[in-house]
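Below is one structure; the comments refer to it alone.
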Amino acid sequence: MTFTDVFFSTANTNTDSLVQLIDSYTNENVNFKQTSVWIDGTAMDDTKVDNIIYRKKTNLSGNTFYYLRTDVLSGNLDVRIFGVKADDIQDDSSALQSAFNTACKLGLNILLPSGTMKTTQGLVLDFSLQETVMRRIQIIGKGVGNSIIKNSGPTSIALFIKGPADPSTPPYFSISDLTITKPEEQTRYGAGLLIQDFVGANVNNIEISSFDIGFQLINTCNAQISFLVSKFCNYGMYNEIASEGFTHPNLLNFRNCTFLGNVMYGAVIISGHAVKFDSCGFEGNLGVGLQFTFGGYNGREALSLINNYFEGNANHDLYFETTSMTALSLISNTFSKNIAGRASDVVINNLSNDKVHMSSLSNSFAYYPSPDPTKPSYVPSAASKNILYMGDSSKFHLLHNDMHQSSLES
170 MTFTDVFFST ANTNTDSLVQ LIDSYTNENV NFKQTSVWID GTAMDDTKVD NIIYRKKTNL
230 SGNTFYYLRT DVLSGNLDVR IFGVKADDIQ DDSSALQSAF NTACKLGLNI LLPSGTMKTT
290 QGLVLDFSLQ ETVMRRIQII GKGVGNSIIK NSGPTSIALF IKGPADPSTP PYFSISDLTI
350 TKPEEQTRYG AGLLIQDFVG ANVNNIEISS FDIGFQLINT CNAQISFLVS KFCNYGMYNE
410 IASEGFTHPN LLNFRNCTFL GNVMYGAVII SGHAVKFDSC GFEGNLGVGL QFTFGGYNGR
470 EALSLINNYF EGNANHDLYF ETTSMTALSL ISNTFSKNIA GRASDVVINN LSNDKVHMSS
530 LSNSFAYYPS PDPTKPSYVP SAASKNILYM GDSSKFHLLH NDMHQSSLES
């Protein structure tokens, strides 16, 4: 058997139409076949040769032959064929970026291996620069804790997914089964995963830790985020519209996500609307669990919280601020506190002269003793209402049927 680098060297004269080789990076069998057309059906030429998927060979007579790596016909691209080692030793930045560029250009799903991919530079999957043939790409790992991107150094964004220049024709994008983190000894810096300028995105089973911002959406709407864990960051999540952006955070559905032990906020959404959190956890954050602002853009329904769990956050569990008429709903959530002197669980701050309609149904507001006997436990107080409204009380319309462990705070 012949290795790919040997077969495509100038010394090798074999020009069979179909050859079975051994990949020089992965040591696995791979087939190449001659082709006269590129992935989009246009004629092959030297500009379409990438030396990994499409390769060129010239015989002794000077005739040119183009070859296609056949395993990509399944629609998947294994980043190892670009030299990714995932051994936590080699810097995989350049190899991963080359794989991302090729996958974006050809419209191939990106398969990440088991192991730790050490990076010292930010990775970009840029739909705005690459002319994607097949307008769908998935990044697929081997599972949380199995496929790990460990970003070292002061990288501003560890993994940046940049949407198309024209958001009216969005591609399909999803990312799943991956851990993104920094070495334990490094300070929190940059963002772990940023998705920007997208209408429609799917994030599933991703764990992010030890960044300034763990997970971030900018100019992105209509996204499904499930089984996301963002922990030990300054901000577990921060979503907003950027300057001259085309959409505020809206039509976002968070399901079974966890925002844990973040230094400042569990999650922040700026000027959002039509956002739902379902069965998510906000625990042990040293600031506010969930901070949400509403500005009246594109719709009036701001926020829905259903069956979520808030526990041990040092500040409010939910801080909601509005500058416009709005509605929000809290249904079957658990709010539990144990820190002495902790302020109100839910704060509604109405900065406008408009109405706020809120449904608060079947939620439980409770407290429990401090698990650390050396620290004082929370003591209920009439000065710390479970739901605190700030603003003109005549503008606040509350429909509620909740459980309050302390009548002082109801």
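The opening residue of the sequence shown carries number 170 in this note's numbering; numbering runs sequentially from there. C-beta: ideal position from N, C-alpha, C; glycine also. Given the structure is predicted, the values throughout are model-derived calculations rather than measurements.
Anyone know if the C-beta pair for residue i and residue j falls short of 8 Å?
{"i": "arginine 224", "j": "phenylalanine 177", "result": "yes"}
{"i": "alanine 370", "j": "alanine 327", "result": "no"}
{"i": "phenylalanine 396", "j": "asparagine 431", "result": "no"}
{"i": "asparagine 315", "j": "serine 283", "result": "yes"}
{"i": "glycine 332", "j": "proline 323", "result": "no"}
{"i": "valine 218", "j": "phenylalanine 201", "result": "no"}
{"i": "alanine 272", "j": "leucine 246", "result": "yes"}
{"i": "lysine 506", "j": "tyrosine 478", "result": "no"}
{"i": "isoleucine 317", "j": "threonine 285", "result": "yes"}
{"i": "threonine 491", "j": "phenylalanine 463", "result": "yes"}
{"i": "cysteine 390", "j": "leucine 363", "result": "no"}
{"i": "asparagine 476", "j": "glycine 441", "result": "no"}
{"i": "leucine 459", "j": "alanine 436", "result": "yes"}
{"i": "alanine 496", "j": "glutamate 470", "result": "yes"}
{"i": "alanine 535", "j": "glutamine 574", "result": "yes"}
{"i": "asparagine 522", "j": "asparagine 502", "result": "no"}
{"i": "aspartate 261", "j": "threonine 288", "result": "yes"}
{"i": "glycine 291", "j": "serine 325", "result": "yes"}
{"i": "leucine 567", "j": "proline 549", "result": "no"}
{"i": "isoleucine 556", "j": "serine 529", "result": "yes"}
Per DSSP, what kind of secondary structure is residue i in: helix, strand or coil?
{"i": "threonine 592", "result": "Outside the modelled stretch of the chain, which goes from 170 to 579, sits residue 592, for which no answer is possible."}
{"i": "lysine 217", "result": "helix"}
{"i": "isoleucine 508", "result": "coil"}
{"i": "glutamate 578", "result": "helix"}
{"i": "isoleucine 364", "result": "strand"}
{"i": "isoleucine 250", "result": "helix"}
{"i": "valine 241", "result": "helix"}
{"i": "serine 321", "result": "coil"}
{"i": "lysine 544", "result": "coil"}
{"i": "lysine 564", "result": "helix"}
{"i": "isoleucine 439", "result": "coil"}
{"i": "glutamine 355", "result": "coil"}
{"i": "alanine 496", "result": "strand"}
{"i": "lysine 202", "result": "strand"}
{"i": "isoleucine 208", "result": "coil"}
{"i": "phenylalanine 415", "result": "coil"}
{"i": "serine 533", "result": "strand"}
{"i": "valine 592", "result": "Outside the shown range of the chain (170 to 579) lies residue 592, about which nothing can therefore be said."}
{"i": "lysine 287", "result": "strand"}
{"i": "threonine 491", "result": "strand"}
{"i": "glutamate 197", "result": "coil"}
{"i": "tyrosine 466", "result": "coil"}
{"i": "valine 188", "result": "strand"}
{"i": "aspartate 486", "result": "coil"}
{"i": "asparagine 371", "result": "strand"}
{"i": "aspartate 256", "result": "strand"}
Starting from residue i, trace the alpha helix (DSSP H) in both directions and tell me its first and last residue.
{"i": "phenylalanine 428", "result": "Note, phenylalanine 428: premise wrong, no alpha helix (DSSP H); beta strand (DSSP E) at 427-429."}
{"i": "leucine 455", "result": "That residue, leucine 455, is in no alpha helix (DSSP H); it is neither H nor E in DSSP."}
{"i": "serine 267", "result": "262-275"}
Go ahead and label residue i buried or exposed: buried means 16 or more other beta carbons lie within 10 angstroms of its beta carbon, across all protein chains shown.
{"i": "asparagine 482", "result": "buried"}
{"i": "proline 540", "result": "exposed"}
{"i": "isoleucine 258", "result": "exposed"}
{"i": "methionine 559", "result": "exposed"}
{"i": "methionine 170", "result": "exposed"}
{"i": "glycine 244", "result": "exposed"}
{"i": "aspartate 185", "result": "exposed"}
{"i": "tyrosine 236", "result": "buried"}
{"i": "methionine 406", "result": "buried"}
{"i": "glutamate 197", "result": "exposed"}
{"i": "tyrosine 488", "result": "buried"}
{"i": "leucine 599", "result": "The question about residue 599 has no answer, for the chain in this structure spans 170 to 579."}
{"i": "asparagine 181", "result": "exposed"}
If you follow the beta strand (DSSP E) that residue i is part of, which residue opens it and which one closes it?
{"i": "serine 345", "result": "341-350"}
{"i": "glycine 383", "result": "382-400"}
{"i": "tyrosine 558", "result": "556-559"}
{"i": "asparagine 419", "result": "419-424"}
{"i": "threonine 227", "result": "223-227"}
{"i": "serine 513", "result": "That residue, serine 513, is in no beta strand (DSSP E); it is neither H nor E in DSSP."}
{"i": "isoleucine 330", "result": "326-331"}
{"i": "lysine 524", "result": "Premise fails: lysine 524 is in no beta strand (DSSP E) and is neither H nor E."}
{"i": "valine 313", "result": "Unbroken run through valine 313: none, as it is neither H nor E."}
{"i": "isoleucine 410", "result": "Unbroken run through isoleucine 410: none, as it is neither H nor E."}
{"i": "asparagine 278", "result": "278-280"}
Of all Cβ atoms in chain D, is any one closer than 8 Å to the Cβ of residue i?
{"i": "glycine 314", "result": "The structure shown has no chain D; it contains just one protein chain."}
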